[in-house]
Each structure stands twice: as structure tokens, then as C-alpha cells.
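Down below is the structure, laid out as C-alpha cells.
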Amino acid sequence: MKDDTTHTGGCHCAVVKFEVRAPAHLDVVRCNCSICAATGFLHLIVGKDAFTLLSGEDSITTYTFNTGNAKHTFCSTCGIKSFYTPRSHPDGISINVNCLDRSTVDDMTITEFDGQNWEAARDTLD
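For what it's worth, my numbering labels the leading residue of the sequence shown as 1117, then goes sequentially.
This is the structure:
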């Protein structure tokens, strides 16, 4: 997109660091499923080509459950899930907006997603 900005972010201990290209005004999703609610994850879903892992690849642990389609990635040092491969967009990456450096974020619009009823709500995602 022509209005994209390069945002940076990472985990709490700064072992895992990444860049993501996205607009300065972010359209994000708040999901109420069990894992998103427990971790406070705010989703910014981008194509894999918009995401670059800068450091920490060797420190990433992956967790799967249920269908196994989502690949939940965590820093093995601090336990923070700063990004993962979502079930809804297996060819994309979901960035946890709470893990972005806010200096490049102008504003955000948050859309609620009923992840507790994932199958019925799936079609509401872009």
C-alpha cells in the first residue's frame, strides 16, 4: 500500500524483534477466544511479505491446539506472543499491536470479533 509505514516491535525482553509494513492508522481486531482473551492480543493481520523477523528466531517456541492450524509463537525467554500465524489467515501473520513501538502508530480502529463462536464468526474477517 502506498501509505504504509514501517513499524517495529518485539517481545518484552527484546530478544524477538520484527518490522511490519502497515498504515500509520491501524485497523485491528480484538478477539474474545480463550487464548486471545488470556493474552490480551490485539490483531493486526498482514501478509507474510509485510513482515520481517529481525532477531530471535532461535528463541521462538510454537504452541498449537484444537485444529492445529494456528501457529502461536512465543519468546522462550519472556513468554510474550508478539506475532503468530492465525487460523483465519494461514498465509499471513497476526501482529500483537500491544507489542509495537507506538512512535509510528497514529491511531487505531478496533473491531470486536466473536472468537468464542469462531466457525460462525469466521466470515466476518477480511
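Think of the CB as a built atom: it goes at the ideal place given N, C-alpha and C, for glycine as much as any other residue.
With H, G and I counted as helix, E and B as strand and the rest as coil, what does DSSP make of residue i?
{"i": "I1196", "result": "coil"}
{"i": "V1145", "result": "strand"}
{"i": "V1132", "result": "coil"}
{"i": "G1156", "result": "coil"}
{"i": "S1204", "result": "coil"}
{"i": "T1240", "result": "helix"}
{"i": "G1172", "result": "coil"}
{"i": "T1225", "result": "strand"}
Taking only the alpha-carbon atoms, compute the straight-line gap between residue i and residue j and give it to the nearest angstrom.
{"i": "L1241", "j": "S1204", "result": "8 Å"}
{"i": "L1142", "j": "V1221", "result": "7 Å"}
{"i": "I1176", "j": "T1183", "result": "21 Å"}
{"i": "G1126", "j": "A1154", "result": "19 Å"}
{"i": "T1201", "j": "R1218", "result": "22 Å"}
{"i": "A1186", "j": "N1148", "result": "16 Å"}
{"i": "D1239", "j": "A1138", "result": "23 Å"}
Could you pull out every residue in the same chain whose Cβ sits closer than 6 Å to the Cβ of residue i, ignoring the five residues on either side in sequence?
{"i": "F1167", "result": "V1136 and I1209"}
{"i": "T1121", "result": "A1140 and T1220"}
{"i": "C1191", "result": "C1127, V1131, V1132 and S1175"}
{"i": "M1224", "result": "L1142 and V1144"}
Grab me the residues of residue i's own chain with a C-beta within less than 7 Å of its C-beta, minus the 5 sequence neighbours each way, in chain order.
{"i": "C1152", "result": "G1231"}
{"i": "K1095", "result": "Residue 1095 lies beyond the stretch modelled for the chain, which goes from 1117 to 1242, so this question has no answer here."}
Going by the CB atoms, is the gap between residue j and residue i shorter than 8 Å?
{"i": "N1214", "j": "G1156", "result": "yes"}
{"i": "I1211", "j": "F1199", "result": "yes"}
{"i": "H1123", "j": "L1216", "result": "yes"}
What residues are listed by DSSP as bridge partners for residue i?
{"i": "R1137", "result": "T1122"}
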